[in-house]
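Peer 1:
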Amino acid sequence: MVEMIPVKWVSLVVAVFLGGFLLHCSNAEFSPVDNYLIACGSSQNVSLQGRIFVPDSEQSSFVLKTQGNSITSSSKSSAPSPILQSVRIFYGPASYKFKIQQKGRHWIRLYFYPLADSSHNLQSATITVVTEDYVLLNNFSFKNYNSSYLFKEYSVNVTSESLTLTFIPSNNSATFVNGIEVVSVPDQLISDQALALTPLRPFSGLSALAFETVYRLNMGGPLITPQNDTLGRTWENDEKYLHVNSSAVNVSINPATLKYPAALTPETAPNWVYATAETMGNANVANLDFNITWVFPVDPNFTYFVRLHFCDIVSLSMNSLVFNLFVNSDIAVGSLDLSSLTGGLAIPYYKDIISNSSSDSADTLTVSVGPDNMADVTNAIMNGLEIMKISNDANSLHGFSPVEHLLPKSSKKSKIWIIVGLVVGIVGALALVVFCYCCMISRRSKTPHQGHPWLSLPLYGNSQTMTKGSTISQKSGTASCISLASSNLGRFFMFQEIMEATNKFDENLLLGVGGFGRVYKGTLDDGTKVAVKRGNPRSEQGLAEFRTEIEMLSKLRHRHLVSLIGYCDERSEMILVYEYMANGPLRSHLYGSELPSLSWKQRLEICIGAARGLHYLHTGATQSIIHRDVKTTNILLDENLVAKVADFGLSKTGPALDQTHVSTAVKGSFGYLDPEYFRRQQLTEKSDVYSFGVVLMEVLCTRPALNPVLPREQVNIAEWAMIWQKKGMLDQIMDPKLEGKVNPASLKKFGETAENCLAEYGVDRPTMGDVLWNLEYALQLEETSSALTEPDDNSTNHIPGIPLTPLEPFDNSVSMIDGVTSGTDDDAEDVATSAVFSQLVNPRGR
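Read in order, the letters of the sequence shown correspond to residues -28 to -1, 1 to 818 in mature numbering (1 follows the signal peptide of the UniProt record, and there is no 0).
1. Can you tell which of 467, 570, 109 has its C-alpha closest to the C-alpha of residue 708?
2. Residues in its own chain within less than 6 Å of residue 307 by CB, not counting five upstream and five downstream?
3. Going along the chain, which unbroken runs of the alpha helix (DSSP H) with 4 or more residues stay wholly within the region 225 to 281?
4. Hey, could you find the ends of the alpha helix (DSSP H) residue 661 is sitting in?
5. Evaluate contact between the region 725 to 735 and the region 539 to 556, counting only Cβ atoms and requiring at least three cross-stretch pairs below 8 Å.
6. Quickly, what does DSSP pair residue 309 with across the bridge? List them, please.
7. Residue 249 and residue 191 look like a contact to me (Cβ under 8 Å); what is the Cβ gap, rounded to whole Å?
8. Under 8 Å, with one C-beta from each stretch per pair, do the region 574 to 581 and the region 597 to 614 reach the 3-pair mark?
9. Check residue 602 in the structure and name its three-state DSSP category.
10. Under the DSSP definition of a beta bridge, which residues are partnered with residue 696?
11. Would you verify that the beta carbon of residue 96 is, or is not, closer than 8 Å to some beta carbon of chain B?
12. Counting pairs of beta carbons, one from the region 135 to 144 and one from the region 184 to 198, are three or more of them closer than 8 Å?
13. Would residue 183 pass as a contact of residue 127 if the rule is Cβ separation under 8 Å?
14. Is the region 361 to 375 in contact with the region 284 to 294, if contact means three or more CB pairs nearer than 8 Å?
15. Could you tell me the alpha carbon to alpha carbon distance between residue 171 and residue 326, rounded to whole angstroms?
16. Measure the beta-carbon distance from residue 502 to residue 494 and round it to whole angstroms, keeping in mind my assumption that it falls under 8 Å.
17. Classify residue 48: buried if its beta carbon has 16 or more other beta carbons within 10 angstroms, exposed otherwise.
18. Can you confirm whether the region 109 to 119 touches the region 31 to 47 when touching is taken to mean that 3 or more C-beta pairs between the two stretches lie within less than 8 Å?
19. Could you tell me how far apart the beta carbons of residue 597 and residue 608 are, in whole angstroms, since I believe they sit closer than 8 Å?
20. Can we say the region 366 to 379 touches the region 199 to 208, given the rule of at least three CB pairs closer than 8 Å?
21. Would the beta-carbon of residue 189 fall within 8 Å of that of residue 357?
22. What residue does the alpha helix (DSSP H) around residue 375 start on, and which one ends it?
23. Give a yes or no on whether the C-beta atoms belonging to residue 535 and residue 551 are separated by under 8 Å.
24. Taking residue 343 as part of the beta strand (DSSP E), name the residues at either end of that continuous run.
25. Tell me which residues share the same chain as residue 328 and place their Cβ nearer than 6 Å to its Cβ, disregarding the 5 neighbours each side in the sequence.
26. Report yes if the CB atom of residue 156 is closer than 8 Å to the CB atom of residue 74, and no otherwise.
27. Does DSSP put residue 213 in a helix, a strand or coil?
28. Considering only their Cβ atoms, is the gap separating residue 142 from residue 98 smaller than 8 Å?
29. Which value, in whole angstroms, describes the spacing of the CA atoms of residue 577 and residue 9?
30. In or out: residue 372 buried (at least 16 other Cβ within 10 Å) or exposed?
31. If you draw a straight line from the C-alpha of residue 105 to the C-alpha of residue 549, how long is it?
32. Taking all protein chains shown into account, do 16 or more other C-beta atoms lie within 10 angstroms of the C-beta of residue 52, making it buried, or fewer, making it exposed?
33. From 95, 626, 101, pick the residue whose C-alpha is nearest to that of residue 118; which is it?
34. Using 8 Å as the cut-off, can you tell me whether the region 397 to 404 makes contact with the region 204 to 218, which would need three or more C-beta pairs spanning the two stretches below that distance?
35. Going by beta carbon distance, what residues of the same chain come within less than 8 Å of residue 17, once the five residues before and after it are set aside?
36. Once you ignore the five residues that flank residue 633 on each side, which residues in its own chain have a CB closer than 7 Å to its CB?
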């Protein structure tokens, strides 16, 4: 039962629950690898909120360098905090250099307080702080500042083995600092993607940006200090930011009743954030324009990262709380149903938004939640909120001066030499990689392909179902302790076999890294080449995706789908073993590598192959399968450049016959996501069609789906390519290597096909069968003499003289899903062994 608690009684709630809560929270406490807590100018250790800050005179693990004099000062009478009772004052540029053991995101926290009894007037001192890459503060002074002290928190992605903080005085004045924190944080705390507003679109590239925390709120709950947060954060109560105080009532539950999902931990936000919330002050109001609004003063010259924390702690049943979320005047998420997204009640969830400060140029950013007019219960909720400023084009979080304009001249010179050294090193590394790759290709061409000695894999629903006792590794001769419920899912490999096949996961055999984990080339004891995908425990994908991949591929068989050979779930490992695809992902043949350029005909044939695989998924079973992660890295090429669709970890069974869609949380890759699915969380086969449309444009233009370094109108390839397609000038943006080598009629048909795939609404998109037909038509146009007449309209009417092959729905392959056989096979051997993967008994593969 949810307990309604007025704001003024929050302190009593804290007194009751806090002791047990802190004990519960400490069990999952994060231990940072890098943890520098520095009391600048102090002569002794300083204790602050349960943490110990050491004097900066103890330079055992960091180095303090100054170009001018530096002095220290201290006072215990006026400072509002122990860390502010001492100060280090610099009369010239000075730097603290920290050794970094774990690369990735780090907190940088800075404390400033102009000690009143110092012999120097620190009120007029200017403060400029920079790292090697970012400007954190620029010419700040306490003269016109309306607070007695300044605390700043930044999040910076450190990619080298050291981090240098440089303090620079200006106009021959002094600068100072009282305390410094440099602390590593989990990389997954801030992902690379978020939802950008105005216009609504996916945004990626956050890992390359720096952040400054501007606001961090615990809605309806108590102040949370660094002592009570596993990452040392401070969460303040939201009351003073409410636009109308009476619009919200806070609620609370016992934090012990929360159920964190696999992707969230107390590092995302402490229990108290999700266990308390603000809800509508007058739920079930008749006026559906009513909402709860928070208003925040911000710098309008910057873009902001907004993380919103939710947890349904008010509902008594599923799907009863549905509301809208607004940032400024933009609707960020409509019809947000928390229990549907999380699969239950009292389960934490968060949403990341990228927003400009305000759509009306005011110096404020507003966040609102309000009822959805289609919901049975008109209520809304918010549990926590974080607002972070994002570094601008000058890599600055304060002003527009880049780092190199602020650093002393000697630092600039050293930085130039560092850059020169890095460039030389990268060029040398690339040359070594190309040489190794050529050696691998040479060795591969000399290695004879051998057959598979083990028993063939039974298919899903086959009568030849194996028992646990029969799932035996031939190498070990012992039964495997399989943790999956079903054992008809392929060969079970012992972990020792995987270790031997990959030479103990030798990094020289690394083929790539994906969302699930790293992929290695392996060689089984009979000489068979395989691809071994090893799950990463820190990945957002886990056991569910592992099971899905195995179960999906165990009941699918098609020439254009990558085959699963087996798996290993021994020693808490999640490992999948696939047929080896010699030519790797399609993307590496388009850009980012030195591989030869593909001809237009080759590209069409690859797209047709991938379309056949997806068409089979959508139509080759009693219930369709939606891939949900169609992209150029998930289309692999074998030694003959035959395309096969891979990576089924996010796949989902399609809607039943009496349904139009599957309601599910949004998953996939930004840049390829169907915008309609992204907005409504309603998945259909047409979501794959949209993603495939992005792939078509990527194949034509040979550039990434999203490239944030390009001008704004070019960032998203789908939007950019459609501008040129509607002008009838798609040839202006295609791969320059194709210039003069593409039949205009073929290009026109290809462009029309991609345009239809990228329609905003799924109902306006073609089926994968239609896409396949049109791509085959484009290929026939390419193969036909250019003297043939092009159609007068945009229809798909057949051109006389070009024989069109009738479309086979299942690409002449065998479907053994739910025990139903569909289609035929032009390979007699495949027909005779329709219950098994052909590549396991036929050395020629599929």
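Glycine residues also receive a C-beta, built at the ideal position from the N, C-alpha and C atoms.
Peer 2: So, from the data block:
1. 570
2. 294, 344
3. 243 to 247
4. 657 to 673
5. no
6. 294
7. 6 Å
8. yes
9. coil
10. Residue 696 pairs with nothing; no bridge assigned.
11. Within the model displayed, chain B is absent; a lone protein chain is all it includes.
12. no
13. yes
14. no
15. 11 Å
16. 5 Å
17. exposed
18. no
19. Their Cβ separation, rounded to whole angstroms, is 18 Å, which puts residue 597 and residue 608 out of contact at 8 Å.
20. no
21. yes
22. 375 to 378
23. yes
24. 336 to 343
25. 275
26. yes
27. helix
28. yes
29. 59 Å
30. exposed
31. 41 Å
32. exposed
33. 95
34. no
35. 11, 24, 25, 26, 27
36. 627, 654, 655, 656
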